[in-house]
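Take a look at the structure set out below.
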Amino acid sequence: MTSFDAPHDRLGRALRDLRISVTDRCNFRCPYCMPAEIYGEKYAFLPRPELLTFEEIERLVRLFAGAGVEKLRITGGEPLLRHQLPRLVERLAAVEGIRDLTLTTNGWLLSKYAQKLADVGLQRVTVSLDSHDDAVFGAMNGRGFGTGRVFEGIEAADAVGLRPIKINSVVERGVNEESIVPLARRFKGTGHILRFIEFMDVGTLNDWNRAKVVPAREILDRVGTEFPLEPADPNYSGEVAQRWRYADGSGEIGIVASVTSPFCRECHRARLTIEGRLVTCLFAAGGVDLRGPLREGASDEALRELISGAWRRRTDRYSEERVAQTGRDGCTPHRGRIEMYQVGG
Ligand code: SAM
Ligand code: SF4
Ligand code: SF4
Numbered sequence: 000m001t002s003f004d005a006p007h008d009r010l011g012r013a014l015r016d017l018r019i020s021v022t023d024r025c026n027f028r029c030p031y032c033m034p035a036e037i038y039g040e041k042y043a044f045l046p047r048p049e050l051l052t053f054e055e056i057e058r059l060v061r062l063f064a065g066a067g068v069e070k071l072r073i074t075g076g077e078p079l080l081r082h083q084l085p086r087l088v089e090r091l092a093a094v095e096g097i098r099d100l101t102l103t104t105n106g107w108l109l110s111k112y113a114q115k116l117a118d119v120g121l122q123r124v125t126v127s128l129d130s131h132d133d134a135v136f137g138a139m140n141g142r143g144f145g146t147g148r149v150f151e152g153i154e155a156a157d158a159v160g161l162r163p164i165k166i167n168s169v170v171e172r173g174v175n176e177e178s179i180v181p182l183a184r185r186f187k188g189t190g191h192i193l194r195f196i197e198f199m200d201v202g203t204l205n206d207w208n209r210a211k212v213v214p215a216r217e218i219l220d221r222v223g224t225e226f227p228l229e230p231a232d233p234n235y236s237g238e239v240a241q242r243w244r245y246a247d248g249s250g251e252i253g254i255v256a257s258v259t260s261p262f263c264r265e266c267h268r269a270r271l272t273i274e275g276r277l278v279t280c281l282f283a284a285g286g287v288d289l290r291g292p293l294r295e296g297a298s299d300e301a302l303r304e305l306i307s308g309a310w311r312r313r314t315d316r317y318s319e320e321r322v323a324q325t326g327r328d329g330c331t332p333h334r335g336r337i338e339m340y341q342v343g344g
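Now the structure itself:
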């Protein structure tokens with residue numbers, strides 16, 4: 000393995016996880032991420048030469064692994080839309096130092112790709128599913144698609160061993176809070192881990208307002224009233240989801256409370272955008288360009304210095320600062336934030 004001093008940021012956090020956004024395209028139009036009014040038929044997504052190639056991603060991942068990254072998550076946009084994605088997975092699975100290789104998907108194409116992905120070394124998947132109800136789900140994916148294909152995708156992933164499968168469900172007030180308990184019922188006892196995510200003010204397009212957040216406490220109360228829960232210890236330090244176990248032993252759920260209980264202090268995560276910018280916070284406005292130097296022939300050493308330098312300068316703790324940034328109207332200023340699908344959720 001290429002190894003150099005594992006950098007720590009200004010708040011003493013080591014670099015451990017990397018999320019890679021492999022495409023800006025998506026077959027869904029979730030209003031909280033890529034609203035259909037903006038991402039219409041004529042929207043110009045990035046042309047192919049702008050995207051990092053698989054060779055470029057692999058080279059950067061080797062350098063990140065040398066800087067301490069052990070966990071990789073492939074995301075997007077919808078990563079299963081990236082042409083020949085299994086070939087990238089195969090390359091990344093072979094990088095020394097990468098111990099955990101996972102993918103986040105909306106599940107629409109998962110039954111087609113699950114076997115191929117498992118064959119080339121993907122370890123697990125996270126599938127996003129905001130409701131069990133076709134009408135609510137259809138509104139939340141912006142396409143009117145029903146849940147059937149997503150459930151098929153989850154089954155296919157389970158069958159080929161991409162488990163435990165995490166199911167991510169973003170909860171938005173007035174939109175899907177009535178899906179919380181039915182989703183819990185649906186996944187209880189299946190071995191899949193349902194994780195409820197507080198709606199976040201990421202990007203600039205989702206019209207976020209504090210009033211649209213269903214707090215973790217309420218989510219827990221709703222599930223706990225129906226199915227008693229008890230707290231479980233984190234699997235590792237810095238785990239973002241708070242774990243809760245069903246008292247009857249039939250599994251667990253997680254809550255990602257980035258708004259009501261921020262975890263910046265334990266944030267060891269960097270992100271690589273589609274066009275090769277290194278971003279050190281989900282709420283960042285810019286990022287460090289790695290693609291330019293890479294394509295101009297920069298040495299591994301020069302690229303390493305760019306990566307570790309950016310991490311060493313890092314002071315990000317946006318979620319902890321959010322309260323101070325929230326106005327009386329419940330909104331927060333955008334300051335030109337990168338969109339979720341560009342930075343990889
Ligand atoms: N397309 C894939 C998917 O939906 O799983 C991967 C990319 S998507 C941007 C990653 C995750 O971000 C999804 O689970 C999505 O629900 C979540 N997400 C998007 N916008 C969000 C927001 N405003 N607040 C919380 N989670 C959000
Ligand atoms: Fe697509 Fe995922 Fe964004 Fe929904 S959350 S629009 S599925 S990238
Ligand atoms: Fe990490 Fe930024 Fe989220 Fe805080 S707000 S947990 S620093 S990504």
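So the sequence shown is numbered by numbering that gives the first Met the number 0: it starts at 0 and just counts up by one. We put the beta carbon where it would ideally sit given N, CA and C, even for glycine. In this text the structure is predicted, and so the values were computed from the model without any measurement.
Any idea what DSSP makes of residue i, helix, strand or coil?
i: M0; result: Reliability fails at M0, whose pLDDT of 46 lies under 50, so the model's placement of it is uncertain and the value that follows must be treated cautiously. Here M0 sits in coil by DSSP.
i: V278; result: strand
i: I19; result: strand
i: F262; result: coil
i: P34; result: coil
i: A13; result: strand
i: I337; result: coil
i: D315; result: coil
i: R221; result: helix
i: V201; result: coil
i: H7; result: strand
i: D288; result: strand
i: V60; result: helix
i: V174; result: coil
i: V212; result: strand
i: P332; result: coil
i: Q114; result: helix
i: D299; result: helix
i: V342; result: helix
i: G106; result: coil
i: P48; result: helix
Opposite residue i in the DSSP bridges: which residues?
i: P230; result: W243
i: S127; result: N167
i: R270; result: R18, V278
i: F136; result: DSSP output for F136 lists no bridge partner at all.
i: V255; result: I196
i: T101; result: R72, R123
Pop quiz: residue i and residue j are said to be a contact at Cβ under 8 Å. What is the actual Cβ separation, rounded to whole angstroms?
i: T101; j: Q122; result: 6 Å
i: G141; j: F44; result: Not quite, the Cβ-Cβ distance comes to about 16 Å (not below 8 Å), so this is no contact.
i: V88; j: L109; result: About 13 Å; that fails the 8 Å criterion.
i: N175; j: V135; result: 5 Å
i: I273; j: V21; result: 7 Å
i: C32; j: L80; result: Between L80 and C32 the Cβ distance is about 14 Å, and since that is not below 8 Å, they are no contact.
i: A284; j: I337; result: 7 Å
i: L50; j: L271; result: Between L271 and L50 the Cβ distance is about 11 Å, and since that is not below 8 Å, they are no contact.
i: I218; j: L62; result: Wrong, their Cβ atoms sit about 39 Å apart, outside the cutoff.
i: L161; j: L116; result: 7 Å
i: V222; j: F198; result: About 17 Å separates the two Cβ atoms, so there is no contact after all.
i: V180; j: E225; result: 5 Å
i: L14; j: G67; result: 5 Å
i: C330; j: N205; result: Contact doesn't hold; Cβ gap of about 11 Å is too wide.
Original post:
Who's in the neighbourhood of ligand 3, going by beta-carbon under 5 Å from any heavy atom, listed in chain order?
Top reply: Every residue whose beta carbon comes nearer than 5 Å to a heavy atom of ligand 3 appears here in chain order: C263, C266, C280, L281, D315, Y317, S318.
Original post:
Between the segment 155-169 and the segment 296-314, do at least 3 Cβ pairs fall closer than 8 Å?
Top reply: no
Original post:
Using 8 Å as the threshold, is the segment 303-316 in touch with the segment 276-285, meaning 3 or more CB pairs across them?
Top reply: Result yes; three or more Cβ-Cβ pairs closer than 8 Å.
Original post:
Can you find at least 3 beta carbon pairs, one from the segment 146-155 and one from the segment 205-216, that sit closer than 8 Å?
Top reply: Proximity of the segment 146-155 to the segment 205-216 falls short of the contact definition, fewer than three beta-carbon pairs being nearer than 8 Å.
**OP:** For the segment 317-329 and the segment 259-266, state whether three or more C-beta atom pairs, one from each stretch, are separated by less than 8 Å.
**Re:** yes
**OP:** Evaluate contact between the segment 248-260 and the segment 171-191, counting only Cβ atoms and requiring at least three cross-stretch pairs below 8 Å.
**Re:** Contact check between the segment 248-260 and the segment 171-191: three or more CB pairs, one atom from each, fall below 8 Å, which counts as touching.
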